[in-house]
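From first to last, the protein sequence lines stand for chains X and S.
Residue 18 is where the first sequence starts when you use the numbering used here, and the numbers rise one by one after that.
Residue 18 is where the second sequence starts when you use the numbering used here, and the numbers rise one by one after that.
The beta-carbon is built from N, C-alpha and C at its ideal position, and this holds for glycine as well.
Computed from a predicted structure; not experimentally measured.
Quick notes on the structure that follows.
There are 2 protein chains.
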Amino acid sequence: MIMKPCIMIIEDNIYLREELLHTFAKEGYAVLGISSFQSPEQEILNAHPDLVVLDINLPGKSGFELCKWLKNRCTFPILILTARDDLNDELRALGLGADDYLTKPCPPNRLLARVTRLLETYQKLPSLLKFGGLTFDVDACRILWKTTSLTLPETEGRIFQLLMEHAPDIVSKEYIAGNLWGGVDYVDENILQVNMTRLRKNLDKIGLKDIVRTVRGQGYVLCPSSEP
Amino acid sequence: MIMKPCIMIIEDNIYLREELLHTFAKEGYAVLGISSFQSPEQEILNAHPDLVVLDINLPGKSGFELCKWLKNRCTFPILILTARDDLNDELRALGLGADDYLTKPCPPNRLLARVTRLLETYQKLPSLLKFGGLTFDVDACRILWKTTSLTLPETEGRIFQLLMEHAPDIVSKEYIAGNLWGGVDYVDENILQVNMTRLRKNLDKIGLKDIVRTVRGQGYVLCPSSEP
DNA sequence: TAATTTCCTTACAACGACTGTAAGTGTACA
DNA sequence: TGTACACTTACAGTCGTTGTAAGGAAATTA
Chain X
18 MIMKPCIMII
28 EDNIYLREEL
38 LHTFAKEGYA
48 VLGISSFQSP
58 EQEILNAHPD
68 LVVLDINLPG
78 KSGFELCKWL
88 KNRCTFPILI
98 LTARDDLNDE
108 LRALGLGADD
118 YLTKPCPPNR
128 LLARVTRLLE
138 TYQKLPSLLK
148 FGGLTFDVDA
158 CRILWKTTSL
168 TLPETEGRIF
178 QLLMEHAPDI
188 VSKEYIAGNL
198 WGGVDYVDEN
208 ILQVNMTRLR
218 KNLDKIGLKD
228 IVRTVRGQGY
238 VLCPSSEP
Chain S
18 MIMKPCIMII
28 EDNIYLREEL
38 LHTFAKEGYA
48 VLGISSFQSP
58 EQEILNAHPD
68 LVVLDINLPG
78 KSGFELCKWL
88 KNRCTFPILI
98 LTARDDLNDE
108 LRALGLGADD
118 YLTKPCPPNR
128 LLARVTRLLE
138 TYQKLPSLLK
148 FGGLTFDVDA
158 CRILWKTTSL
168 TLPETEGRIF
178 QLLMEHAPDI
188 VSKEYIAGNL
198 WGGVDYVDEN
208 ILQVNMTRLR
218 KNLDKIGLKD
228 IVRTVRGQGY
238 VLCPSSEP
């Protein structure tokens, strides 16, 4: 069965939010509404949506700030939906990386068509993981950092993928081993360490020293030297 | 030196066309205006633009038809720019694969911002070659056809790439050999034939029999059984 | 029809990348 | 100082890729 994409609505007006949720739900999308504006960044990050519909006038951080912050860390499309029918706002939003800019009131058909277009376009993009200034192309097993790049062998790539997906949390050895070698009959505790050495040696090639840290007794964790 | 993207303007009103060309040229883009509406498809195909700005009301084929035709064969973004401020037209255009829909008159800043956004998004897409229902991902050396896909080894991939790039024209053996083995000292006439056999055998795996035809004394050519 | 040119096919071997095994070394912590 | 945990290096097997060699098939021409 094909999982429908998940749309997340960042809008403080509860009536409008519910209306938007309903509009998308009716079309078969999975939907999520922001629940509070305490720390919208974390809430969005944790939700892993496929697309975000974002208002500009929000309590706390503005939509502009949110848009910029998210575009530096995530790979989903952002559609701005706002009452501010102002060319300067639109230019600013697009400049910050927003993928579309629509003004309220907006016919549901129009919104749906734009969202569909964005989802179709983004589906063709390579699946990227972002964290701490690093980008990892899962399909190509390729790390992008600053102006350099590095292609990893399959095994090392899958380990690095797990570290990226769970960063900044610690990933246990058991979890990695289970994920790579079926977990059933643990080939050997050592093989993971060997691949860790290989991964670190490769990362060192492009200047990424000490990115993979060992937490004794617990596992490994990704520790970028500088946030983006 | 970095080559600026090329914008192509498909607009029959010569004054508006010149104005648009000027707008983009001033920003440093390479620009091209459609010269006639005899066979716009061929003119656009030959130009290999990075983005197309397309009007709806055109002599001959409508912008809708053009948009649909192009989206089935090309990979550049299409921005519709029309005087028809009609939601149904917009929905239709987006449904046909258009990437954006703007209405005239449109502030140059707005147009430029939208174009920039589309170019940035499309730059992240894998570089795809399309011909006759086939798609070839150059970076991944991967053929996509209907619901199947096939990853080729480097050498076969480069041969297939040359065939795709020049289709539906014949590609000479000398050209391929020159492109792959430096052309200087022709490793061996035979090695190309060996790789052709391998390529054909691989294509056969996903049901693409007789796609690569031999033209005796001239070279090879791509011959898809059915147009898309 | 026979000869010649052009193209195709198969088998083989060399090479390199990747990966797990084994054995020994280093390091933190009680 | 001892023990558990983690790291490193060398080695060998496997697999995919690629060019070489040799012979066969098909089309063209005399």
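I believe S/F81 touches S/A47 by the beta-carbon criterion, under 8 Å. Please report the beta-carbon distance rounded to the nearest angstrom.
Here the question's residue 81 of chain S lines up with position 64 in the second sequence. Here the question's residue 47 of chain S lines up with position 30 in the second sequence. 27 Å between Cβ atoms; not a contact.
Are there 16 or more other CB atoms within 10 angstroms of the CB of S/E28, so buried, or fewer, so exposed?
Your numbering for residue 28 of chain S matches position 11 in the second sequence. Per the 10 Å Cβ criterion, buried.
Consider the Cβ of S/L142: report whether some Cβ of chain X lies at a distance smaller than 7 Å.
Residue mapping note: residue 142 of chain S aligns to position 125 of the second sequence, counting from 1. So, interface residue.
In the DSSP output, what is S/F148 paired with across the bridge?
Translated into the one-based positions of the second sequence, residue 148 of chain S becomes position 131. S/L151, per the DSSP bridge assignment.
When you compare the CB positions of S/I193 and S/L179, do they come within less than 7 Å of one another, or not?
Within the second sequence, numbered from 1, the residue matching residue 193 of chain S stands at position 176. Within the second sequence, numbered from 1, the residue matching residue 179 of chain S stands at position 162. For S/I193 and S/L179, yes; Cβs fall inside 7 Å.
Give the DSSP bridge partners of X/I23, in chain order.
Position 6 of the first sequence holds residue 23 of chain X. What sits at residue 23 of chain X in the sequence shown is Cys, not Ile. Partner(s): X/A47.
Since S/L142 and S/K121 should fall inside the 8 Å C-beta cutoff, what is the C-beta to C-beta distance between them, to a whole number of angstroms?
Here residue 142 of chain S refers to the residue found at position 125 of the second sequence. Here residue 121 of chain S refers to the residue found at position 104 of the second sequence. Wrong, their Cβ atoms sit about 28 Å apart, outside the cutoff.
X/Y118 bridges to which residues according to DSSP?
Here residue 118 of chain X is taken as the residue at index 101 of the first sequence, counted from 1. DSSP lists X/I97 as partners of X/Y118.
Cα separation between X/G199 and X/A157?
What you label residue 199 of chain X is simply residue 182 of the first sequence in a count that begins at 1. What you label residue 157 of chain X is simply residue 140 of the first sequence in a count that begins at 1. Straight-line Cα distance between these residues: approximately 22 Å.
For X/A157, return the contacting residues in chain S, with the cut-off set at a CB-CB distance below 8 Å.
Counting from 1 along the first sequence, the entry for residue 157 of chain X is found at position 140. The contacting residues are D156, A157.
At what residue ranges does the stretch 151–202 of chain X contain a whole run of the beta strand (DSSP E), taking only runs of 3 or more?
Within the stretch 151–202 of chain X, the complete beta strand (DSSP E) runs of at least 3 residues are 151–154, 159–162, 165–168.
For S/D67, which of S/S79, S/D227, S/P22, S/G150 has the nearest alpha-carbon?
As a working mapping, residue 67 of chain S is identified with position 50 in the second sequence. With distances taken between Cα atoms, S/D67 lies closest to S/P22.
Apart from the five residues on each side of it in sequence, which residues of its chain come closer than 8 Å, Cβ to Cβ, to S/K222?
Here residue 222 of chain S refers to the residue found at position 205 when the second sequence is read from its first residue. The answer, listed in chain order, is L167.
Can you tell which of X/T40, X/R90, X/S56, X/L83 has its C-alpha closest to the C-alpha of X/F153?
Here residue 153 of chain X refers to the residue found at position 136 of the first sequence. Residue X/R90 is the option with its Cα nearest to X/F153.
Determine the closest residue to S/P185 out of S/I31, S/G50, S/C240, S/I24, with distance taken between C-alpha atoms.
Against the second sequence, residue 185 of chain S aligns to sequence position 168. Answer by Cα proximity: S/C240.
Three-state secondary structure (DSSP) at X/L216?
If you number the first sequence from 1, residue 216 of chain X lands on position 199. Three-state DSSP puts X/L216 in a helix.
Under DSSP, the alpha helix (DSSP H) around X/R131 begins and ends at which residues?
Working through the first sequence from its first residue, we reach residue 131 of chain X at position 114. Taken as a continuous stretch (DSSP letters only), the alpha helix (DSSP H) holding X/R131 covers 125–140.
At 8 Å on the CB atoms, spell out the chain X contacts of S/E107, in chain order.
Taking the first residue of the second sequence as position 1, residue 107 of chain S is located at position 90. Near S/E107 (Cβ distances below 8 Å), the residues of chain X are R127, A130.
Helix, strand or coil, according to DSSP, for X/E244 in the structure here?
Here residue 244 of chain X refers to the residue found at position 227 of the first sequence. Note that X/E244 scores 41 on pLDDT, short of 50, meaning its location in the model is unreliable and no value can be drawn from it.
Count the C-beta pairs between the stretch 124–144 of chain S and the stretch 127–147 of chain X that are closer than 8 Å, then say yes if the count reaches three, no if not.
Yes, the stretch 124–144 of chain S is in contact with the stretch 127–147 of chain X.
So if I threshold CB-CB distances at 9 Å, which residues from the stretch 201–232 of chain X count as touching chain S?
For the stretch 201–232 of chain X, which is checked against every Cβ of chain S, not one residue is closer than 9 Å.
Name the chain S residues whose beta carbon is nearer than 9 Å to that of X/R134?
Here residue 134 of chain X is taken as the residue at index 117 of the first sequence, counted from 1. Result: L111, G112, G114, A115, D116, D117.
Using alpha carbons as the reference points, say which of X/I61, X/G50, X/L108 lies closest to X/T92.
Working through the first sequence from its first residue, we reach residue 92 of chain X at position 75. For X/T92, the nearest C-alpha among the options comes from X/I61.
Helix, strand or coil: which one does DSSP assign to X/L68?
Mapped onto the first sequence, residue 68 of chain X falls at position 51. Reduced to three states, the DSSP call for X/L68 is strand.
So for X/G112, helix, strand or coil by DSSP?
Sequence index remark: in the first sequence, residue 112 of chain X carries index 95 (1-based). Note: X/G112 maps to helix in three-state DSSP.
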